[in-house]
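*Asks:* Mind having a look at this structure? Questions to follow.
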Amino acid sequence: MIQAAGTPGRDCPRCPRLAAFRKTWRANEPAWFNAPVPSFGPLDARLLIVGLAPGLQGANRTGRPFTGDFAGQLLYEMLARFGFSRGTFDARADDGLALIDCRITNAVRCVPPENKPTTTEIATCRDFLKPTIAEMKNLKALVALGHVAHNSVVTAFGAKKSATPFKHGGKNMLGEFALFSSYHCSRYNTNTGVLTPKMFRDVFEKVRGFLGR
Ligand code: URA
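Going left to right, the sequence shown walks through residues 109 to 321 as the numbering used here numbers them.
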């Protein structure tokens, strides 16, 4: 099967640690997706949201970014609120939810142990992030969820991290593209108040304001 350049194959061997972890979970939970999680949403979207990596029992289980764990609840709620989705999110890949003018991907496509990809894994998987960005011909804006996604996007564009620092609620131009950055919508960040629903809403309000309808 011909694979889009931005999509790793199911048995992508490029990160040995992640491939070994995947093998373990295929044995533990054969009914789970247990493979690099493909991007979700239309290729002709103007907005690309970049997360960190699939959660073990979330995207790694269901096969759709941010689907099946806590982080997705807040994200999909915001997408619905700001008109970036149609249908009802039900935390399953077959819930019928469709994204409108928005696509979601992850900086690292395979689930990492403890939710922590290494610097090398992030760099290796950037070989998929770059074509994912390049194949979106109508792209105007990106939302990076967390520092790792922010830095990986900045590097993917060949920009300097020092000139494009992460700031929650910040907006940086990468050439003609606007990069909006937010703290990650993880359970930890929301439970500790690092990211409140209002803070997250404000980010998407800015994005919607930038894109217009
Ligand atoms: N699920 C994802 O797909 N990405 C994240 O960053 C977190 C949860």
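Glycine is no exception: its CB is placed at the ideal position from the N, C-alpha and C atoms.
Predicted model, so just to flag it, every value in this text is computed and none were measured.
Since N214 sits in a beta bridge, which residues does DSSP pair it with?
*Replies:* Numbered from its first residue, the sequence shown carries residue 214 at position 106. N214 is bridged to G159.
*Asks:* Which residues bound the beta strand (DSSP E) around M281?
*Replies:* As a working note, residue 281 is residue 173 in the sequence shown. Counting along the chain, the beta strand (DSSP E) containing M281 begins and ends at K279 to L282.
*Asks:* Ignoring anything shorter than 4 residues or poking outside the segment 199-263, list the alpha helix (DSSP H) runs there in chain order.
*Replies:* Qualifying alpha helix (DSSP H) stretches, in chain order: 227-242.
*Asks:* Nearest to F288 by CA position, among S270, G301 and D310, is which residue?
*Replies:* Sequence index remark: in the sequence shown, residue 288 carries index 180 (1-based). Closest by alpha carbon: D310.
*Asks:* Assuming R194 contacts A206 (C-beta within less than 8 Å), just tell me the rounded distance between them.
*Replies:* Indexing the sequence shown from 1 puts residue 194 at position 86. Indexing the sequence shown from 1 puts residue 206 at position 98. Indeed, because the Cβ distance is near 5 Å, the residues count as touching under 8 Å.
*Asks:* Among the residues of its own chain, which have a CB less than 6 Å from the CB of Y184, if the five just before and after it don't count?
*Replies:* To locate residue 184, count along the sequence shown from 1; it is residue 76. So the list reads F197, once near-sequence residues are dropped.
*Asks:* Does the distance from the CB of G254 to the CB of L160 come in under 8 Å?
*Replies:* Counting from one through the sequence shown, the residue named residue 254 turns up at place 146. Counting from one through the sequence shown, the residue named residue 160 turns up at place 52. It is a contact, given that the beta carbons lie within the stated cut-off.
*Asks:* Is the beta carbon of R154 closer than 8 Å to that of L282?
*Replies:* Reading the sequence shown from its first residue, position 174 is the one you call residue 282. Reading the sequence shown from its first residue, position 46 is the one you call residue 154. For L282 and R154, no; Cβs fall outside 8 Å.
*Asks:* I need the boundaries of the beta strand (DSSP E) containing F87, first residue and last residue.
*Replies:* One cannot answer for residue 87 here, as it falls past the ends of the chain, which runs 109 to 321.
*Asks:* Would you mind listing the alpha helix (DSSP H) stretches within the segment 116-159 that are 4+ residues and don't spill past its ends, in chain order?
*Replies:* Runs found: 124-136.
*Asks:* If I measure Cβ to Cβ from P150 and keep anything under 7 Å in the same chain, skipping five residues before and after, which residues do I get?
*Replies:* By 1-based counting over the sequence shown, the position of residue 150 is 42. Excluding positions up to five away in sequence, the list reads L207 and R211.
*Asks:* Could you pull out every residue in the same chain whose Cβ sits closer than 7 Å to the Cβ of M109, ignoring the five residues on either side in sequence?
*Replies:* On the sequence shown, residue 109 is found 1 positions in, with the first residue counted as 1. Confidence at M109 is low in this model, with a pLDDT of 47, below 50, so its placement is unreliable and the value that follows should be read with caution. Excluding positions up to five away in sequence, the list is empty.
*Asks:* Quick check: what's the CA-CA separation for H258 versus T227?
*Replies:* Here the question's residue 258 lines up with position 150 in the sequence shown. Here the question's residue 227 lines up with position 119 in the sequence shown. Computed Cα separation, rounded: 13 Å.
*Asks:* How would you label A264, buried or exposed, when you count the other beta carbons within 10 angstroms and need 16 or more for buried?
*Replies:* As a first step, residue 264 is located in the sequence shown; it is residue number 156 there, counting from the start. The residue in question, A264, is buried, as its Cβ has 16 or more Cβ neighbours within 10 Å.
*Asks:* In the structure shown, what three-state DSSP assignment does R172 receive?
*Replies:* Here residue 172 is taken as the residue at index 64 of the sequence shown, counted from 1. Here R172 sits in coil by DSSP.
*Asks:* Confirm the yes/no value for this check: CB of P221, any heavy atom of ligand 2, distance under 7 Å.
*Replies:* As presented, the structure is devoid of ligand 2, carrying ligand 1 as its sole ligands.
*Asks:* Can you find a heavy atom of ligand 1 that lies under 7 Å from the Cβ of N142?
*Replies:* Counting from 1 along the sequence shown, the entry for residue 142 is found at position 34. For ligand 1, not one heavy atom lies less than 7 Å from the Cβ of N142.
*Asks:* Could you have a look at R321 and say whether DSSP puts it in helix, strand or coil?
*Replies:* As a first step, residue 321 must be located in the sequence shown, where it is residue number 213. It is coil, neither helix nor strand.
*Asks:* Mind checking which residues open and close the alpha helix (DSSP H) that includes F178?
*Replies:* Position 70 of the sequence shown, counted from the start, is the residue given in the question as residue 178. It spans F178 to R189 - the alpha helix (DSSP H) in which F178 sits, taken as one unbroken run.
*Asks:* Could you check whether T232 and S147 sit closer than 8 Å to each other, using their CB atoms as the reference points?
*Replies:* Walking along the sequence shown from the start, residue 147 turns up at place 39. Walking along the sequence shown from the start, residue 232 turns up at place 124. For S147 and T232, no; Cβs fall outside 8 Å.
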